[in-house]
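Novice:
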Amino acid sequence: MGEEMVDEATLKALEEKVAELKRLVEQDGLALEEELVLLERRLAELRREYFAKLSDWDRVKLARDPRRPTGIELVEMVFDDFYELRGDRLLRDDPALRGGMAKLSGKPLVVLFH
61 MGEEMVDEAT LKALEEKVAE LKRLVEQDGL ALEEELVLLE RRLAELRREY
111 FAKLSDWDRV KLARDPRRPT GIELVEMVFD DFYELRGDRL LRDDPALRGG
161 MAKLSGKPLV VLFH
């Protein structure tokens, strides 16, 4: 593979193309599964290359991006029946740590997040 410059816009465009191809395969029954698998592998490879080349500061900026999902949004996406436990010994909520009970694939567990 040549030395390609992979940027965020290229990744986003390729992700959209893969999603469009998946939709066509599902809706129209097109026999493009092999091409789709190849595209998904290439996308994963490009994504790895992109993130491997990020500087430390770029990683910090990515982690602080306001478009990233919050902890509670991730919990709601991943777990079922989340019940937040609230309050501490001083009858307050600590904003630095949240947690509660939830289910993952029907199994009960405790979730802690920021």
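First residue of the sequence shown: 61, per my numbering; consecutive thereafter. Think of the CB as a built atom: it goes at the ideal place given N, C-alpha and C, for glycine as much as any other residue.
Helix, strand or coil: which one does DSSP assign to residue 104?
Specialist: Three-state DSSP puts residue 104 in a helix.
Novice: Quick one: what does DSSP say residue 69 is sitting in, helix, strand or coil?
Specialist: Looking at residue 69 - three-state DSSP - the assignment turns out to be helix.
Novice: Cα separation between residue 152 and residue 145?
Specialist: Spanning the two alpha carbons is a distance of roughly 12 Å.
Novice: Less than 8 Å separating the beta-carbons of residue 173 and residue 158?
Specialist: Cβ distance < 8 Å, so residue 173 and residue 158 count as in contact.
Novice: Going by beta carbon distance, what residues of the same chain come within less than 8 Å of residue 138, once the five residues before and after it are set aside?
Specialist: The residues are 164.
Novice: Grab me the residues of residue 62's own chain with a C-beta within less than 7 Å of its C-beta, minus the 5 sequence neighbours each way, in chain order.
Specialist: With a pLDDT of 48 at residue 62, under the threshold of 50, the predicted position of this residue should be treated as unreliable, and no value is reported.
Novice: Could you tell me which residues DSSP puts in a beta bridge with residue 164?
Specialist: The partner list for residue 164 (beta bridge, DSSP) reads 167.
Novice: Classify residue 91: buried if its beta carbon has 16 or more other beta carbons within 10 angstroms, exposed otherwise.
Specialist: Exposed, because fewer than 16 other Cβ atoms sit within 10 Å of the Cβ of residue 91.
Novice: Quick one: what does DSSP say residue 131 is sitting in, helix, strand or coil?
Specialist: Helix, per DSSP.
Novice: Buried or exposed: residue 120, going by 16 or more other Cβ atoms within 10 Å of its Cβ?
Specialist: When all chains shown are included, residue 120 counts as exposed.
Novice: Do the CB positions of residue 110 and residue 78 come within less than 8 Å of each other?
Specialist: Going by C-beta atoms, residue 110 is not nearer than 8 Å to residue 78.
Novice: Are the beta-carbon atoms belonging to residue 96 and residue 75 less than 8 Å from one another?
Specialist: Against a cut-off of 8 Å, the Cβ pair of residue 75 and residue 96 comes out as no contact.
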